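Okay, so here's the structure we're looking at.
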Amino acid sequence: MNPKILVIGASGQIGSELTLALREIHGKNSVLASDIKEGNDELMKSGPFIKIDATHKEEIANCIAFHKVTDVYLMAALLSATAEKHPDLAWSLNMQSLSHILELAREKKIKKIFWPSSIAVFGPTTPKKNTPQRTIMEPNTVYGITKLAGERWCEYFFNKFGVDVRSVRYPGIISYKTPPGGGTTDYAIDIFHKAVKNKPYECFLNDDVMLPMMFMKDAINATIKIMGAKKEDIKIRSSYNLAAISFSPKDIAESIKKSIPEFKIRYKPDFRQEIAESWPNSIDDSEARKDWNWNHQYTLEELTIEMIENLK
Ligand code: SER
127 MNPKILVIGA SGQIGSELTL ALREIHGKNS VLASDIKEGN DELMKSGPFI
177 KIDATHKEEI ANCIAFHKVT DVYLMAALLS ATAEKHPDLA WSLNMQSLSH
227 ILELAREKKI KKIFWPSSIA VFGPTTPKKN TPQRTIMEPN TVYGITKLAG
277 ERWCEYFFNK FGVDVRSVRY PGIISYKTPP GGGTTDYAID IFHKAVKNKP
327 YECFLNDDVM LPMMFMKDAI NATIKIMGAK KEDIKIRSSY NLAAISFSPK
377 DIAESIKKSI PEFKIRYKPD FRQEIAESWP NSIDDSEARK DWNWNHQYTL
427 EELTIEMIEN LK
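What follows is the structure, encoded as structure tokens:
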């Protein structure tokens, strides 16, 4: 039977492109987009949309029952920088939404869940280079704490109740269609918006802070791949490490200069520098590559060219 999909947080940076990709695969009427706010034109025109507050269990439950939803992609969350400013809201949105969906799956009202975790589950005491799947995890950001708690919650619901929940720890995601909101890795998108307008960029991180990153197309591909994998191939039910490339602000500025030689960057680190410093430089994602054949495609050079072409 074809899945009937609900994307919660469909107007966000990843949700909007994920919805379009899922509609390509399953047909527009099999994928219901939902968010607390409307999305961009492309999303709104691509198929059905419904307003939902991800923290209201009843609203979600009614929608799932009415539309006979089988699979949920829960993309609603407050990201790292915003979460530091609104810790209570971050905790309630990030945790309640997950808890409602897991509970609905335990009650057999849905079959399969995708829920994203993040490199933010790691903290200052985690080994920074090639960070392993299983290692010290002492996140010191509100966002990282919600994601780590969420991972434990997912594994618990799988072990206790057989809930088929699948997850990856996204690195910073670089995209041109929908702007990101409130992340620490957002600099790597903001920089392109300035560069294509021939404006200098003032970076809120230092030049040398290396972070794991990924082009949106790879992130969507990973999401679709893990959800399409056989149940028995998903061996990790907390969340999989996922990686593509790692670079620093200086590296990406150099890459942009190959296409826009007059591009200028200045560094003025703010509170996000400390968040970035607490995260890994690079990630070992060999388990995802082994268990469900994950492979990334985009290099820094390739994504730079695609970002510049599309933003122009
Ligand atoms: N991109 C996210 C952030 O910066 C990390 O998952 O908050």
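Numbering (the numbering used here), first residue to last: 127 to 438. All C-beta atoms, glycine included, are put in the ideal place defined by N, C-alpha and C. For clarity, every value in this text was computed on a predicted model and none was experimentally measured.
Burial state of residue 141, where buried means 16 or more other Cβ atoms lie within 10 Å: That one is buried.
For the pair the region 216-231 and the region 178-187, tell me if three or more CB-CB distances fall below 8 angstroms. yes
Beta carbon of residue 206 nearer than 8 angstroms to that of residue 304: no
Taking the beta carbon of residue 392 as the centre, do at least 16 other beta carbons fall within 10 Å, making it buried, or is it exposed? exposed
Check whether the region 287-298 and the region 352-366 are in contact - that is, three or more C-beta pairs closer than 8 angstroms. yes
To the nearest angstrom, report how far apart residue 244 and residue 236 are at their CA atoms. 24 angstroms
What residue range does the alpha helix (DSSP H) around residue 233 cover? No alpha helix (DSSP H) holds residue 233; DSSP gives it neither H nor E.
Using the C-alpha atoms, what's the distance from residue 174 back to residue 154? 7 angstroms
Beta-carbon gap between residue 448 and residue 159 smaller than 8 angstroms: What is shown of the chain runs 127 to 438, which leaves residue 448 out entirely.
Determine the DSSP secondary structure at residue 177, reduced to helix, strand or coil. strand
Option nearest residue 161 by Cα separation, candidates 170, 168, 135: 135
Quick check: the Cα distance between residue 231 and residue 210, rounded to an integer number of angstroms? Distance between the alpha carbons of residue 231 and residue 210 is about 30 angstroms.
Do residue 411 and residue 359 have their CB atoms nearer than 8 angstroms? no
Three-state secondary structure (DSSP) of residue 290: The answer is strand: DSSP assigns residue 290 an E or B state.
Sequence-distant residues of the same chain with beta carbon closer than 7 angstroms to residue 128, five excluded per side: 152, 156
Who pairs with residue 298 in a beta bridge, going by DSSP? 339
Classify residue 149: buried if its beta carbon has 16 or more other beta carbons within 10 angstroms, exposed otherwise. Under this definition residue 149 is a buried residue.
Given a threshold of 16 other Cβ atoms within 10 Å of its Cβ, counted over all protein chains shown, does residue 138 qualify as buried or as exposed? buried
By how many angstroms is the C-alpha of residue 250 removed from the C-alpha of residue 313? Computed Cα separation, rounded: 21 angstroms.
So, for residue 285: in the same chain, excluding its five sequence neighbours on each side, which residues have a beta-carbon less than 8 angstroms away from its beta-carbon? 363
One question on the structure: do residue 199 and residue 291 come within less than 8 angstroms of each other, judged by their Cβ atoms? no
Grab the span of the alpha helix (DSSP H) containing residue 313 for me, first residue to last. 313-322
For residue 400, which residues in the same chain have their Cβ closer than 8 angstroms to its Cβ, ignoring the five residues on either side in sequence? none
By Cβ distance, which residues of its chain are closer than 7 angstroms to residue 287, with the 5 residues on each side in sequence left out? 232
Candidates 310, 339, 191: closest to residue 130 by CA position: 191
According to DSSP, simplified to helix, strand and coil, what is residue 132? Strand, per DSSP.
Per DSSP, residue 280 forms a beta bridge with which residues? Residue 280 is not bridged to any residue.
Beta-carbon contacts of residue 433 that lie in its chain and below 6 angstroms, excluding the five residues immediately before and after: 302, 318
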